[in-house]
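Below is one structure; the comments refer to it alone.
Dropping the structure here:
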């Protein structure tokens, strides 16, 4: 580090630095404030979604946990989310491994096609899904919704697993084969344990993608089968009860939990030193 | 008496259908033999090993292992141990679990597995590291684990792909001896790939020298070194002075080679070369004699161009027979003689120590 270093720059409170700090704080506020606002709203004792609240109570949380509409929506969201996660993880992981190993023309094209749902406007996917699922008699069913959400989630699994395969040493597959392991055993005993962090992250993304999803749910699920986002949307349009705010807070807390879980997986993978074996030859 | 475990019959390999990496290989390896495939990179030696292991398919020909053809037998059904250059140990398993893996594939019982894991680790002197992860071991230790893992399931054949390439010189020489002793002790057949000629000469029963996808010579180390089959082998294995000339006369195994400056050298004729043919004289620098010792049939005067002292030997660069890079490697048992750059000295060598070969094919 040659050159003349400025003397303790942290202490210099010039006007420029002050302005930067202010702008940064404002941007942060802009990003976080809308989310923070729902916390006091959800604790309101009043009947209306207004600030300031007349007083504080847990009555809207009680409403959430006792209303059959909200509970069934929550149940549906978890059923669809978990089923989507299982399907998307299975398909996405196998696709990633195939693309990683395969030596065939059009590999880049295949990868682009498989990641297409990530960039296609969701409304387009939703309409396409609505028509195609109706054709095979799966319109207005939870099964149809699970399939549609799987299409949306597979790219996330595919890309996270592909990323974790980048550090996978292909010689390990050859070693496993030379030691008598057929390809299926080699995948289960050697590949899967080493890419597990990537698979887990992909699974979390898949679950979150389905759990948050509204537009496809509006098109595909039957009128009686509400998921949480759909129930919130309906609630917002029909009766503006603060239960929506309570549900929103619960969703936010759940998302933070997922994020923390993801971070935990990443840290643990780092600590275990998921690096390729041997020296860098 | 011949009992080949591996037979290559007209095996070829091409990745793109146009250029052949391996051109019509025909050779056999005897049971219990230690054969080294030696050659520069891109000579086809590693491809040959990969075809034997089942990681690549031959484009043509047949490989027979232990009496059955290997065509369409996948790698995991061949029962051939492989030691990789980067070790390829499973990083998520302990050392013991790495060794246990191949025996689990063979459905060996737990008690026997544990006993054999212990035995194999003792053999490579790593019994105390059974519970470690591979990443916690040094390079040399990892290579010993890889060796033990390739042997623990008792394959009839073990392939080694430059296994010592990543180790430093001292450790490499130590491991060479260790592998050699394990081979002698177990009697397993070993096919070893390296580009290090020292490794090939010290460890092998026979060496196959690869170049341009062909075996140039397959012979015991002494024969490879003393009687190279062609100019490539002569220059690739060890050091050789090469003098171009034409055959002036032939008499059975001996011949006379005329050098560009008109002088003639008496030498052993390595290949069938008619009188008048272009040929190359190959002469090892350590076979060159100087001073009063240079009294044989081949005796010349040469000027010392350069003199380099190496401690255990001294190298002279001489101007001889039209070449100014003719090298003599001299070891002096009784002190250094007083030699000067520019000095003219007598230089000679025995006829039996130099070989005339056909020019190198391209």
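Chains as they are written, first to last, in this note's numbering: chain U, 1109 to 1389; chain B, 32 to 393.
Built from N, CA and C at the ideal position, the CB exists for glycine as well.
| query | result |
| --- | --- |
| Neighbouring residues, chain U, relative to residue 137 (chain B) (Cβ below 9 Å) | 1288 |
| The beta strand (DSSP E) enclosing residue 92 (chain B), as first and last residue numbers | 91–96 |
| Beta carbon proximity, residue 1148 (chain U) to chain B, threshold 7 Å | no |
| Contacts of residue 106 (chain B) in chain U (Cβ-Cβ under 8 Å) | 1282, 1285, 1286 |
| Helix, strand or coil at residue 372 (chain B) [DSSP, three-state] | coil |
| Bounding residues of the alpha helix (DSSP H) (the contiguous stretch that carries residue 1379 (chain U)) | 1351–1379 |
| Between the CA atoms of residue 201 (chain B) and residue 73 (chain B) - distance to the nearest angstrom | 27 Å |
| Residue 276 (chain B) - containing beta strand (DSSP E), residue span | 272–282 |
| Pick from B:285, B:302, B:279 that is closest to residue 291 (chain B), judged by C-alpha positions | B:279 |
| Proximity winner among B:262, B:45, B:140, relative to residue 300 (chain B) (alpha-carbon distances) | B:262 |
| Cutoff 7 Å: residue 119 (chain B) Cβ touching any chain U Cβ | yes |
| Under the three-state DSSP convention, the category residue 1269 (chain U) falls into | helix |
| When B:125, B:90, B:77, B:78 are compared against residue 49 (chain B), the one with the closest alpha-carbon | B:90 |
| Sufficient close CB pairs (3 or more, under 8 Å) joining the region 1256–1265 of chain U to the region 1303–1317 of chain U | yes |
| Chain B contact for residue 1386 (chain U) (CB, 7 Å cutoff) | In this prediction, residue 1386 (chain U) has a pLDDT of 34, which is less than 50 and means its spatial position is unreliable; nothing more can be read from the coordinates. |
| Residue 1329 (chain U) versus residue 1362 (chain U) - alpha carbon distance | 23 Å |
| Buried versus exposed, by CB contacts within 10 Å (16 or more), residue 1183 (chain U) | exposed |
| Min CB distance residue 113 (chain B) to chain U below 7 Å | yes |
| Backbone secondary structure at residue 340 (chain B) - three-state DSSP | strand |
| Where residue 58 (chain B) falls: helix, strand or coil (DSSP) | strand |
| Coil, strand or helix - residue 82 (chain B) by DSSP | helix |
| Whole-number beta carbon distance between residue 189 (chain B) and residue 219 (chain B), since they are thought to touch under 8 Å | 6 Å |
| Assigned exposure category for residue 1344 (chain U) - 16 Cβ within 10 Å defines buried | exposed |
| Identified DSSP bridge partners for residue 126 (chain B) | Note: residue 126 (chain B) sits in no beta bridge, so no partner. |
| First through last residue of the alpha helix (DSSP H) which encompasses residue 1303 (chain U) | 1300–1320 |
| Rounded C-alpha distance that separates residue 182 (chain B) from residue 110 (chain B) | 11 Å |
| Extent of the continuous alpha helix (DSSP H) run through residue 65 (chain B) | Run containing residue 65 (chain B): none in the alpha helix (DSSP H); it sits in the beta strand (DSSP E), 65–69. |
| C-alpha gap between residue 306 (chain B) and residue 281 (chain B), whole angstroms | 7 Å |
| Any C-beta of chain U under 7 Å from that of residue 89 (chain B) | no |
| Whole-angstrom C-beta distance between residue 1196 (chain U) and residue 1244 (chain U), which should lie under 8 Å | The Cβ separation is near 20 Å, so there is no contact. |
| CB contact flag (residue 389 (chain B), residue 241 (chain B), <7 Å) | no |
| Which of helix, strand or coil DSSP assigns to residue 1144 (chain U) | helix |
| Under the three-state DSSP convention, the category residue 117 (chain B) falls into | coil |
| 4 or more residues per run - each alpha helix (DSSP H) lying fully within the region 1221–1287 of chain U | 1230–1243, 1250–1273, 1279–1286 |
| DSSP-derived helix/strand/coil call for residue 35 (chain B) | strand |
| Stretch pair the region 1331–1338 of chain U + the region 1154–1174 of chain U: three plus CB contacts closer than 8 Å | no |
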